[in-house]
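These notes concern the structure reproduced below.
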Amino acid sequence: MTRLADRATADAVRAGLSPREIEAEVDSLFAIMVEAVANHTGGQRGGRKLSRRRP
């Protein structure tokens, strides 16, 4: 997954996206993933509390 993210970031830089635009896209994707996991686990009431971890 990390290699895929690194490759996508490199592609975005080559395409001319600014670091700010890349970060905004990463944040949007992360929010979608968190929502999907929350929905899959029954939401925050029924599932585990989700926290954002960055390497």
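Quick note, the sequence shown lines up with residues 748 to 802 if you use this note's numbering. Where a beta carbon is used, it is the ideal one built from N, C-alpha and C, also for glycine. As the structure is a prediction and not an experimental result, all values here were calculated from the model.
Can you look up Leu764 in the DSSP assignment and give me helix, strand or coil? In the structure shown, Leu764 sits in coil (DSSP, three-state: anything other than H, G, I, E or B).
Mapping the DSSP letters down to three states, classify Thr788 as helix, strand or coil. Coil.
Taking 8 Å as the threshold (C-beta atoms), are Ile769 and Thr756 in contact? In this structure, Thr756 places its C-beta atom within 8 Å of the C-beta atom of Ile769.
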